[in-house]
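Chains P and R, in that order, are what the protein sequence lines are. Numbered according to the numbering used here, the first sequence spans residues 1 to 408. Numbered according to the numbering used here, the second sequence spans residues 409 to 816. Glycine residues also receive a C-beta, built at the ideal position from the N, C-alpha and C atoms. From a predicted model like this one, the values you see are computed outputs, not experimental measurements. Working notes, beginning with the structure itself.
There are 2 protein chains.
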Amino acid sequence: MGWVIKRFIYSYLAASMLLAALPQATLFAAENAPARPDGLNIDPVGKGPFYYDTAEGTDIRVRVVARGLNHPWSITWLPDGSALVTEKDSGAIRRIVNDQLQEAPVLGTPQGAIVSRYKGLLDIATHPDFANEPYVYMSYNKSLGGDKEAIAVARGRWDGNNIQNTQDIFVGEEGTTNGVRLLFGADGMLYVGVYVTTDNPEPNFHTGIQKGKLLRLTPEGKVPTDNPFVGKEGFLPEIYSYGHRTPTGLTLNKTTGEIWETEMGPNGGDEVNRVERGGNYGWPLVSLGRAYSGGWQSERFQMEGTRDPIAFWMPGVSPSSLAFYDGDEFPRWKGDLFVSAMQAGQIPGTGSLQRIKFNEDGQEIRRESLLTDLRQRIRDVKMGPDGRLYLLTDEDDGLVLRIESAGD
Amino acid sequence: MGWVIKRFIYSYLAASMLLAALPQATLFAAENAPARPDGLNIDPVGKGPFYYDTAEGTDIRVRVVARGLNHPWSITWLPDGSALVTEKDSGAIRRIVNDQLQEAPVLGTPQGAIVSRYKGLLDIATHPDFANEPYVYMSYNKSLGGDKEAIAVARGRWDGNNIQNTQDIFVGEEGTTNGVRLLFGADGMLYVGVYVTTDNPEPNFHTGIQKGKLLRLTPEGKVPTDNPFVGKEGFLPEIYSYGHRTPTGLTLNKTTGEIWETEMGPNGGDEVNRVERGGNYGWPLVSLGRAYSGGWQSERFQMEGTRDPIAFWMPGVSPSSLAFYDGDEFPRWKGDLFVSAMQAGQIPGTGSLQRIKFNEDGQEIRRESLLTDLRQRIRDVKMGPDGRLYLLTDEDDGLVLRIESAGD
Numbered sequence: 001m002g003w004v005i006k007r008f009i010y011s012y013l014a015a016s017m018l019l020a021a022l023p024q025a026t027l028f029a030a031e032n033a034p035a036r037p038d039g040l041n042i043d044p045v046g047k048g049p050f051y052y053d054t055a056e057g058t059d060i061r062v063r064v065v066a067r068g069l070n071h072p073w074s075i076t077w078l079p080d081g082s083a084l085v086t087e088k089d090s091g092a093i094r095r096i097v098n099d100q101l102q103e104a105p106v107l108g109t110p111q112g113a114i115v116s117r118y119k120g121l122l123d124i125a126t127h128p129d130f131a132n133e134p135y136v137y138m139s140y141n142k143s144l145g146g147d148k149e150a151i152a153v154a155r156g157r158w159d160g161n162n163i164q165n166t167q168d169i170f171v172g173e174e175g176t177t178n179g180v181r182l183l184f185g186a187d188g189m190l191y192v193g194v195y196v197t198t199d200n201p202e203p204n205f206h207t208g209i210q211k212g213k214l215l216r217l218t219p220e221g222k223v224p225t226d227n228p229f230v231g232k233e234g235f236l237p238e239i240y241s242y243g244h245r246t247p248t249g250l251t252l253n254k255t256t257g258e259i260w261e262t263e264m265g266p267n268g269g270d271e272v273n274r275v276e277r278g279g280n281y282g283w284p285l286v287s288l289g290r291a292y293s294g295g296w297q298s299e300r301f302q303m304e305g306t307r308d309p310i311a312f313w314m315p316g317v318s319p320s321s322l323a324f325y326d327g328d329e330f331p332r333w334k335g336d337l338f339v340s341a342m343q344a345g346q347i348p349g350t351g352s353l354q355r356i357k358f359n360e361d362g363q364e365i366r367r368e369s370l371l372t373d374l375r376q377r378i379r380d381v382k383m384g385p386d387g388r389l390y391l392l393t394d395e396d397d398g399l400v401l402r403i404e405s406a407g408d
Numbered sequence: 409m410g411w412v413i414k415r416f417i418y419s420y421l422a423a424s425m426l427l428a429a430l431p432q433a434t435l436f437a438a439e440n441a442p443a444r445p446d447g448l449n450i451d452p453v454g455k456g457p458f459y460y461d462t463a464e465g466t467d468i469r470v471r472v473v474a475r476g477l478n479h480p481w482s483i484t485w486l487p488d489g490s491a492l493v494t495e496k497d498s499g500a501i502r503r504i505v506n507d508q509l510q511e512a513p514v515l516g517t518p519q520g521a522i523v524s525r526y527k528g529l530l531d532i533a534t535h536p537d538f539a540n541e542p543y544v545y546m547s548y549n550k551s552l553g554g555d556k557e558a559i560a561v562a563r564g565r566w567d568g569n570n571i572q573n574t575q576d577i578f579v580g581e582e583g584t585t586n587g588v589r590l591l592f593g594a595d596g597m598l599y600v601g602v603y604v605t606t607d608n609p610e611p612n613f614h615t616g617i618q619k620g621k622l623l624r625l626t627p628e629g630k631v632p633t634d635n636p637f638v639g640k641e642g643f644l645p646e647i648y649s650y651g652h653r654t655p656t657g658l659t660l661n662k663t664t665g666e667i668w669e670t671e672m673g674p675n676g677g678d679e680v681n682r683v684e685r686g687g688n689y690g691w692p693l694v695s696l697g698r699a700y701s702g703g704w705q706s707e708r709f710q711m712e713g714t715r716d717p718i719a720f721w722m723p724g725v726s727p728s729s730l731a732f733y734d735g736d737e738f739p740r741w742k743g744d745l746f747v748s749a750m751q752a753g754q755i756p757g758t759g760s761l762q763r764i765k766f767n768e769d770g771q772e773i774r775r776e777s778l779l780t781d782l783r784q785r786i787r788d789v790k791m792g793p794d795g796r797l798y799l800l801t802d803e804d805d806g807l808v809l810r811i812e813s814a815g816d
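See below:
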């Protein structure tokens with residue numbers, strides 16, 4: 001069975017560790033996690049490649065492209081084909097060139113951040129008009145001094161080797177926290193997902209605060225004048241959609257131009273949503289999941305005026321990101337949605353890659369759980385410029401995995 | 409990777425094969441299944457034992473107690489500690505004595521039956537007062553002549569080696585079909601689950617027919633006078649509860665005396681129900697699943713007057729049976745519910761054993777998927793008299809598996 005690595009259970013409420021600003025590229029330090037009191041022993045992922053026969057007759061090979069990353073959180077590609085990967089816990093941005101992980105991090109990550117189980121350097125994205133506006137965008141959890149914090153988005157200019165002149169373009173309201181996904185929409189605008197921080201159902205959808213919303217900003221971090229709630233009383237003008245709990249993943253459906261979102265329910269009730277302008281997605285009044293203590297989270301599963309999810313999970317799989325497959329490597333997966341997942345049913349060591357197949361009307365036909373045997377928390381899934389699927393594992397020994405066709 | 413066995417996808421609507429009555433113990437013949445057009449190659453299960461670290465800190469060893477059974481469907485034990493196992497496709501009842509599968513089937517299975525994907529010799533149970541009433545009960549799909557059929561329950565007297573004088577005690581309405589689970593309740597009555605046969609929502613709950621109902625009968629197959637709907641207009645007197653789709657599994661919660669049931673939704677929406685006397689479980693008007701074609705099965709997820717499930721699955725796992733664990737072998741599993749599952753999300757080769765943990769109020773805290781790597785359709789789960797869990801795999805090379813503690 002090989003040697004065994006111990007895994008850790010962190011408390012959802014673990015005190016976050018506040019770090020002073022440090023020199024670039026060594027900005028962060030990992031939380032001193034408590035030892036796992038009980039549970040699973042999990043073997044490390046071997047060298048691979050790993051072969052699987054999967055449904056739809058697709059045979060795949062999974063390669064370990066890179067390993068030893070410190071809780072990698074997001075991957076994106078530059079026009080030269082190299083990839084940039086964020087490390088949540090160290091705060092570094094790492095670069096992969098021709099399948100080689102560069103030892104030295106890319107310079108230019110934002111200064112000063114909070115690191116804990118759910119915080120650190122998070123998403124990364126490039127400006128949609130990168131040729132003319134070569135900006136790299138990053139999201140992170142920012143200390144506001146003392147125990148105050150907020151989510152933040154920074155950007156810096158890519159000079160071919162590093163990121164220059166990184167500056168915040170958006171800092172959220174005090175108290176916004178945890179994962180922050182970024183997406184440039186088909187309209188060239190920057191979408192920012194903001195988590196809620198409580199699981200107690202509250203009396204309304206709180207449209208006057210940023211928590212639990214998808215925000216729509218210009219690439220400069222300002223509020224566009226054509227946002228759906230501009231000028232509407234009781235709504236922040238930066239809101240694009242509301243009633244979200246945890247927008248853990250955002251992706252663009254290139255065929256339709258729609259934004260799709262993953263959302264983690266509490267104890268089950270994880271969702272995939274097709275986000276419509278001004279839409280209400282129901283949290284905290286509607287959920288298909290249970291509270292962590294066991295009872296149903298909400299009195300009802302549906303509610304007039306709120307949108308049902310496109311797909312949901314019960315038990316939960318802790319979805320973390322999503323991507324449509326529209327490449328040529330896997331013809332039988334065209335149009336399928338892939339969702340990276342961290343764990344199933346509150347149990348560590350049960351991450352997976354979820355594949356969802358739709359009919360012509362965009363309704364779910366079936367789902368497949370892939371890579372369950374690796375027992376990794378899969379944090380990100382993206383289709384690379386080569387038409388293959390890339391995954392990141394949010395682990396102490398974080399991996400970049402690539403799914404390739406293994407022929408028929 | 410070893411050699412590869414081909415698996416088969418049968419049509420849900422595959423024409424059933426009608427067999428003339430044959431001599432006992434060779435009553436049945438397997439349907440001539442079409443070759444699988446596409447999909448997964450699945451390795452056969454090796455010799456084992458197989459070791460797993462599971463959640464709650466329970467380390468398990470899975471032994472192959474017997475193999476080569478022809479689609480085993482149900483297992484039960486006699487007071488002498490030997491086990492009886494039904495083979496759906498051959499119609500034989502096999503006996504296991506001291507972990508040895510006896511070559512010769514037990515004589516006494518009912519004569520004349522229909523065998524297809526979902527039909528054959530099905531459940532087996534012993535009379536609750538076996539010392540004084542040594543009857544073995546069996547359910548099966550019975551030809552009524554021509555293309556007419558019905559579910560049936562037979563019983564015969566155990567003489568220490570075989571079953572004598574097997575006779576039908578109950579034959580369902582013409583057209584009742586598919587899986588038939590049996591359970592003796594805490595009240596000594598015989599409960600019989602009856603499937604519906606269409607996925608088109610129909611305008612009412614059809615309380616005048618047996619399909620989609622849990623029936624309550626005396627051990628002699630008669631209607632008890634204290635049934636909930638005796639004398640109520642529009643209700644058959646044998647009905648105990650209604651609004652079921654597919655009662656794939658029935659078990660007794662020995663702590664509470666309650667009957668718990670698994671029910672397969674169409675495309676997701678699989679359920680565990682706590683069956684209450686006279687209760688309405690919502691089918692065909694309420695479902696948490698999708699139709700096979702992709703759209704939601706019902707307009708709503710909940711409905712006044714119908715009972716929500718205790719637990720449900722989305723995507724589906726095709727639950728087939730269930731058992732509470734109340735033995736001593738696995739102290740950390742005490743009170744957990746185990747559900748055998750045939751496949752996940754309409755994809756063959758994805759069976760599992762589902763474990764559900766509850767809080768003190770009987771609400772779900774978390775779930776675990778076990779044995780997914782075996783890729784077997786698990787048809788039955790029961791706790792044996794030794795406090796270990798036994799599983800049957802509904803395969804051409806059907807297995808009896810036993811889950812044992814592997815220490816800490």
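- One thing to note: residue 131 of chain P has its Cβ no nearer than 7 Å to the Cβ of residue 142 of chain P.
- Contact between residue 387 of chain P and residue 335 of chain P is ruled out by a C-beta separation of about 14 Å, above the 8 Å threshold.
- Fewer than three beta-carbon pairs drawn from the stretch 256-267 of chain P and the stretch 165-178 of chain P are found closer than 8 Å, and the two stretches are therefore not classed as touching.
- Think of a sphere of 8 Å around the beta carbon of residue 126 of chain P: no beta carbon from chain R falls inside it, the nearest being about 34 Å out.
- A Cβ of chain R is located within less than 7 Å of the beta carbon of residue 372 of chain P.
- Around the Cβ of residue 100 of chain P, a 10 Å sphere holds fewer than 16 other Cβ atoms; the residue is exposed.
- For residue 544 of chain R, the enclosing beta strand (DSSP E) starts and ends at 543-553.
- For the beta strand (DSSP E) assignment, the uninterrupted runs of no fewer than 3 residues enclosed by the stretch 194-230 of chain P are, from N- to C-terminal side, 214-217.
- Fewer than three pairs of CB atoms, one per stretch, sit closer than 8 Å, so the stretch 761-770 of chain R makes no contact with the stretch 704-711 of chain R.
- For the C-beta of residue 722 of chain R, the chain P residues within less than 7 Å are, from N- to C-terminus, 312, 313 and 314.
- By the CB criterion at 7 Å, residue 450 of chain R and residue 783 of chain R fall inside the cutoff.
- Interface annotation for the stretch 699-714 of chain R against chain P: 699, 700, 701, 702, 703, 704, 708, 709 and 710, criterion Cβ-Cβ distance under 9 Å.
- Interface with chain P (7 Å Cβ-Cβ cutoff): residue 771 of chain R is included.
- Residue-level contact by beta carbon holds for residue 774 of chain R and chain P, with a gap shorter than 7 Å.
- Distances from the alpha-carbon of residue 500 of chain R to those of R/722, R/535, R/488 and R/570 put R/570 closest.
- The count of Cβ pairs closer than 8 Å, one atom from the stretch 179-188 of chain P and one from the stretch 206-213 of chain P, stays below three, leaving the stretches out of contact.
- The beta carbon of residue 715 of chain R is closer than 6 Å to those of 687 and 689 in its chain, skipping five residues each way along the sequence.
- From the beta-carbon of residue 344 of chain P, the residues of chain R found nearer than 8 Å are 775, 776 and 777.
- Just measuring C-alpha positions, the residue of P/62, P/267 and P/216 sitting nearest residue 392 of chain P is P/62.
- A direct Cα-Cα distance of roughly 6 Å separates residue 240 of chain P from residue 228 of chain P.
- Chain P places a beta carbon closer than 7 Å to that of residue 767 of chain R, counting this residue as a contact.
- About 4 Å separates the beta carbons of residue 586 of chain R and residue 526 of chain R, which is inside the 8 Å limit, making them a contact pair.
- In the structure shown, residue 780 of chain R falls within a helical segment according to DSSP collapsed to helix, strand and coil.
- Annotated three-state conformation of residue 739 of chain R is helix, per DSSP.
- Ranking P/198, P/235 and P/197 by CA distance to the CA of residue 215 of chain P puts P/235 first.
- By the neighbour-count criterion, in which 16 or more other beta carbons inside 10 Å mark a residue as buried, residue 79 of chain P falls on the exposed side.
- By the criterion of at least three beta-carbon pairs nearer than 8 Å, the stretch 83-91 of chain P is in contact with the stretch 113-128 of chain P.
- Straight-line spacing of the CA atoms in residue 472 of chain R and residue 738 of chain R works out to 19 Å.
- Apart from sequence neighbours up to five positions away, the residues of its chain that approach residue 277 of chain P with a beta-carbon distance below 6 Å are 228, ordered along the chain.
- Per the coordinates, the alpha-carbon of residue 556 of chain R lies some 14 Å from the alpha-carbon of residue 605 of chain R.
- Collapsing the DSSP output to three states places residue 55 of chain P in a helix.
- Uninterrupted beta strand (DSSP E) stretches at least 3 residues long and entirely within the stretch 256-317 of chain P occur at 259-263, 270-275 and 311-313, given in chain order.
- About 21 Å separates the beta carbons of residue 246 of chain P and residue 324 of chain P, which is beyond the 8 Å limit, so they are not a contact pair.
- One Cα belongs to residue 724 of chain R, the other to residue 751 of chain R, and the distance between them is close to 8 Å.
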